[in-house]
Amino acid sequence: MDHKEAKEDEDEASPPFLPPVEKHHTAHLVLVPRPSTEPRDPLNWPSTRKYVLLAVLCLASFSGAIAPLSGQLNLADQEKLYNKTKLEESYANSAALAGMAAGPFFFAPISHMLGRSSVIFWCVLFTLVCQIWGAVMTDPGNYIAYVISRLFAGFFGAVPTVLGPRIVTDMFFLHQRGRAFTALHMAFLFGTIAGPTFSGFVSAHSFFPVEFWWTVGLLGLTLICCFCFLEETGFDRECFERNPDVPAGILANRFATFFFGQRVVLPTTWKETVKVGITPFLIGMCPVTIIMGIFTLISFGFYVGVNALTPVWLQKPISEGGYGFSLEQNAAFTFCHWIGIIVVQFYGHYLNDRLPLALARRYNGGVWKPEYRLHVLWLPSLVINPIGLGIFGAALQYHLHYMVLALAVFIVTVGSLASVPVTVNYVVECFTRYPAEAGIVIGAYRIVYGLTISFYINPWVEAVDVGWVYGMMAFFAVFSYMFVMLLMWKGHAIRNIQFSSLGSSEEGEQLVVYHNMEVIKEAFAKCKAKNRVALITYVTAGYPTVSETPDIMMSMQAGGADIIELGIPFAGRPMTESPIIQQANAKALENGVQLSYILHMVNSARKRGLAIPVLLVGYYNPVCEYPYGEDKLLRDCNAAGVDGLIIIDLPPEDTVRFHDLCKSKGLSYIPLVAPSTPNVHMGMPCNITDSFTCIVSRMGVSETHEKPYGHAEDLLHVLDCTGNSVPVAVGFGIDTRQDFIDISRVAEGVIIGYPIIYLLGNAAPGTGAQKVKEYCLRVAGRTEDQIMIPERRKQVNQPMSSTTVYLSYDGAGDTPEDTNTATSLRDTNTSLANFYCQYIPESLMEGLAELENSFNAANADPSFWAEIDSYAAYANRPSPLHLAPRLSAYAGGAHIWLKREDLNHTGSHKINNALGQILLARRLGKTSIIAETGVGQHGVATATLCAQFGMKCTIFMGSEDFQRETATVMHMRILGAEVTPVDAEYSGGKGTIRDAINEAFRVWAMELQTTHFVIGSTFGPHPYPTIVRTFQAVIGTETRAQFTAMNGGRLPDAVVACVGGGSNAVGLFYPFLGDSSVSLVGVDGRGGCMAGPSDESIGIVHGLPTYLPWHEEREDTEDDITHYVSAGLDYPGIGPELASWKESGRAKISAATDAEVLMAFSLLSQREGVIPALESSHAVAGAVRVAKELGPGHNVVVCLSGRGDKDVETVAHIMSNLRVDDA
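Counting from 33, one number per residue, gives the positions in the sequence shown under our numbering.
Okay, structure coming up:
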């Protein structure tokens, strides 16, 4: 690696450890594997630190190879000392090779437990001891001890080389490993030559085995370097907590690394160690290893054969056809090996990474395949080796000058050894989880030849003549490459034939990317050069029909658009979209549009000549639900021709991560800034943006109702203060030519969407594209003659994924089936396991931040809680707790207790939260209250308190609930509230609680300054779930105190509550959360079907990840599934705390069918004289079930969250003939 590259790597590893990108002309290299954000991660180390460690590792490999093979040339001296034949003396060399083959199999698994650096250090030390042992074996009877010393010198000496691949893969990225592997293995192979060379010179002037003493000095130097510079490189990037603390002091660090006591290695069990010990044998049995091993054996065998035969022929007398060299001359001859190894080092350094990268860039859109590394072997295997072997055989056959022989040895050394780092690197990438074990197996194949060659090479030469032998070897050199070609052809299929425990290869990594943000920058630069602003146009993908979308995109380009935003339709009912945009989403979804189909629309438009940048715009839910995750989506986006993404509701904590992921795939992530974005938070999106920043010009929904200019100018001033010079584009509320002109005075880009959707919605079939073109020309003040279609930069796109299917119909005909079922959201996006993230538009951020700050201040203020307590009598608190004896007798098990929240003022627990929030709103200075309601309990409570405090009250209610809860609607209106029915947003049918929530959010977004949204349950973005839980916790606090007072300090065995959004359940459960003896049981609805909480996936609703009901057959059935006999449980998800408690196993969420609920309603009414709300009847049904499971002697508390007066008429229609026997 050159100095400039090394400097880039060092800079890249510096805090804040954002995944860096290395430039290569117009393409970029993505760092694979992805570095973590931890400075301790070896991938984040400065390049100097990495290369010092690599140098020490090379020194250890070099000296470890020298030690066992240093007696290779002095067989004559050994023969005289030990009175053995040359064949018998060769056993010492064979023992050394056997040790080198066996040692790694023993030490590789041990290194997982003791640490790689520690094992290398001690192996160097024991190699030094073995050399001293061999050096003192000067007695003729010490031959057996001498052979054993050679065995163990090889046993310990080979360890640094075979553990090297693990350390290299820990420190270096995929695109750097070719050079690192070359340096490591050339150091080892250099040792196999340098040892005999130096020992030959020493033996020529001293007595054998005194020659071993010089290796002792080298090993001593190596030992010192290891102690000073070796570091443990094992690091868990998925679970930072597993990584042990590393002592800061130098000596403490060294002793922790190499000695017992405080360890710096990842914790490993003996079971895992044994498993690792078996791994090399499993790898060795895999077809890809066998094929590459055969090639390695043959290719490396040429070098071994030449190396073994050359000393024999050089020392053979001239009369016998040899060259009559002395031992010292023989040693000097080995310098041709030295030169060959140096050439291989340069060859590998410059080609082993660059050539594979070039192939990935040229032929596969930058996606990596391990087989690309094998192309480095064309020249050595098919050209260099055959030529060198032919010359070598001819030189010996015809006794040519020894310099010809030296040339042949040099050529064979280059051709044969060039394959060593490549084959090791290839097999390591095939088994990326076990690099050391993969290296061991390939090393074993190499050493097999060295162990056996002395037994047959000389007899073979004597039998058929040396020229014929090496002529056949030249033929084998060409033949052996067939194994490499087989892997190039069918490598993917062959690699997949392996044991599942070995993991996967590194194929498929997007290593080379083309940064499309440059295309976006160029679009703005061209506009600036022509002294105009960029026109950015928006259309919903698949609207009005699927087939028209590519035409509309082409018409936008023809009308002068500089960038296209393509909207992702979302069934989750976005909180800030206008009705026009909602209708477009509904129509696109009706047409069957999915994200994978949108990519094919873009790809289709690109093939037809669309050259301007395309951005996907949408909410996070469709992104995280994409089959096989975000990484796969971004690759497919790059392949289709998408240039960037705008995610409207991505939370700040995920923004940097998602931006870096986009950047690694060559895409731009464009951040959104709204008037509600706090100034202190402006820096983060502005600092990460790489193409332009998008400004939401005003509060509210995406429709014309106020002019955006003032807000835009204020935001632009703040953005200027951040110092980022990227362009800024303004959207929302821009309709006319005058709007365009006004915005162009302050911004570099103007985003227009609502008017285009409106035009398309009112255009006759087939005319929409032309109308869009005319509108674009008109609003930008341009003519067709002024439009110049740019030429899109040539990009080698990888093929579109086979997992996507193009939908080529417009809402009619058969719906195509996706043959690849997506993995669950939890599998594809682990970030959603955090149920406390928030996914909301920027337009709500200001109100939420203000609310959070006010709540935190109020929560810490005793006077606020004193004010709440002053209304206890008004709310009729505390609510009673009493035993239900006849219901308990019916259950036949545990005692059932009733927590009577139904006796609160307004008839439910909802007053607890409504009181707290309205008092909080008064502290904020709000004069108006809005709220959502389902069956009306929360609406009545809110309206009641607004009447008490003289505040304006608006209640949003789903139109279906509005019709079936007429008495409750009248109740709220009598209290002075305005009750607004809300239809379903897409179908136009009857709306439910979810639609009411969406409408309330939209209204709140436009009226943040004067209005507070009183959410009635534990859903919605932070801090709402925390606020509701805090005000509802009075339920559990009272229950705990009342029950313990009645039962001698005992706690109940279970507490049960119904679950819709989860307000009464969280309020009851929270005070018992730390009591493991108390089971927390929530009961959700099933309606008439059996799709309950066990049939769920994680998704995002109203800004928070939660559990959602799921059907395998249909993705858009939430409304059907979340429609129960109780309207209060129609909410599709549960709150974040309940979701996290369910995920951890602390709470159990069961379900009750409508039939079970109606039975429970009747049971409690007729046995205890208490008419429960249908929502509470779910809890009663669950309590009876739990009581039966627990048995006698236990206690269950059930929360009666509301009274059933409102439900009597509903129940009467259903169960007029249903009674419970008195038996």
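Don't be surprised by glycine CBs; every beta carbon is placed ideally from N, CA and C.
With a beta-carbon spacing of about 11 Å, Ala1171 and Gly1114 fall beyond the 8 Å limit used to define contacts. In the three-state DSSP reduction, Ile596 falls in the strand class (E or B). A residue is called buried once 16 or more other Cβ atoms fall within 10 Å of its Cβ, and Ile225 is buried on that count. Taking 8 Å as the cut-off, the beta carbon of Gln589 is found no closer than this to the beta carbon of Ile783. The beta carbon of Pro601 sits closer than 7 Å to the beta carbons of Thr572, Ala573, Gly574, Asn617, Ala620, Leu621 and Val625 from its chain, once the five residues preceding and following it are set aside; these are given in chain order. Annotation for Thr1050: no alpha helix (DSSP H) segment contains it, and DSSP assigns it neither H nor E. Just so you know, the alpha carbons of Val967 and Tyr652 end up roughly 30 Å apart. In this structure the segment 444-458 lies against the segment 207-221, because at least three pairs of beta carbons, one per stretch, are closer than 8 Å.
Looking at the backbone, the Cα of Cys978 and that of Ser1194 are separated by about 34 Å.
Less than 8 Å separates the beta-carbon of Ala916 from that of Leu930. If one requires a minimum length of 4 residues, the alpha helix (DSSP H) runs lying completely within the segment 1021-1099 are 1025-1038, 1056-1064 and 1066-1078, in chain order.
Here Gly337 is near Met505, since their CB atoms are less than 8 Å apart.
Val64 has its alpha-carbon roughly 32 Å from the corresponding atom of Ala284. Around Thr170, the same chain offers no residue with a beta carbon nearer than 6 Å, after the five sequence neighbours per side are excluded.
Just so you know, the alpha carbons of Pro67 and Gly1099 end up roughly 42 Å apart. Linking Thr321 to Pro412 through their CA atoms gives a straight-line distance of about 21 Å. Assigned with DSSP and collapsed to three states, Arg72 falls in coil, not helix or strand. Val1230 has its alpha-carbon roughly 6 Å from the corresponding atom of Ala1211.
Within the same chain, Cβ atoms closer than 6 Å to the Cβ of Ala476 are found at Ala133, the five residues on either side in sequence being excluded.
Around the beta-carbon of Trp521, fewer than 16 other beta-carbon atoms lie within 10 Å, marking it exposed. Per DSSP, the beta-bridge partners of Val1229 are Trp929 and Val1087.
Cβ-Cβ separation between Leu437 and Pro228: approximately 17 Å, too far for a contact (criterion under 8 Å). Burial check for Ser1176: the Cβ neighbour count within 10 Å stays below 16, so the residue is exposed. Boundaries of the alpha helix (DSSP H) harbouring Ser79: Ser79 to Leu101, taken from the DSSP string. A residue is called buried when at least 16 other Cβ atoms come within 10 angstroms of its Cβ; Glu662 meets this threshold and is buried.
Per DSSP, Cys462 is one residue of the alpha helix (DSSP H) stretching across Ser451 to Cys462.
The continuous alpha helix (DSSP H) containing Met633 extends over residues Leu627 to Lys639. Under the three-state reduction of DSSP, Thr577 is assigned to coil, being neither helix nor strand. Note on geometry: alpha-carbon atoms of Gly96 and Ile142 lie some 18 Å from one another. According to DSSP, residue pairing for His914 in a beta bridge involves Leu930.
Ala140 is a Cβ neighbour of Val194, given a cutoff of 8 Å. Assignment of Tyr175 by DSSP, reduced to helix, strand and coil, places it in the helix class.
Within the same chain, Cβ atoms closer than 8 Å to the Cβ of Ala999 are found at Lys1238 and Glu1241, the five residues on either side in sequence being excluded. In this structure, the beta-carbon distance from Ser1108 to Asp1085 does not fall below 8 Å.
Going by C-alpha positions, Gln1064 is about 30 Å away from Gly1223. In the three-state reduction of the DSSP assignment, Arg478 falls in the helix class.
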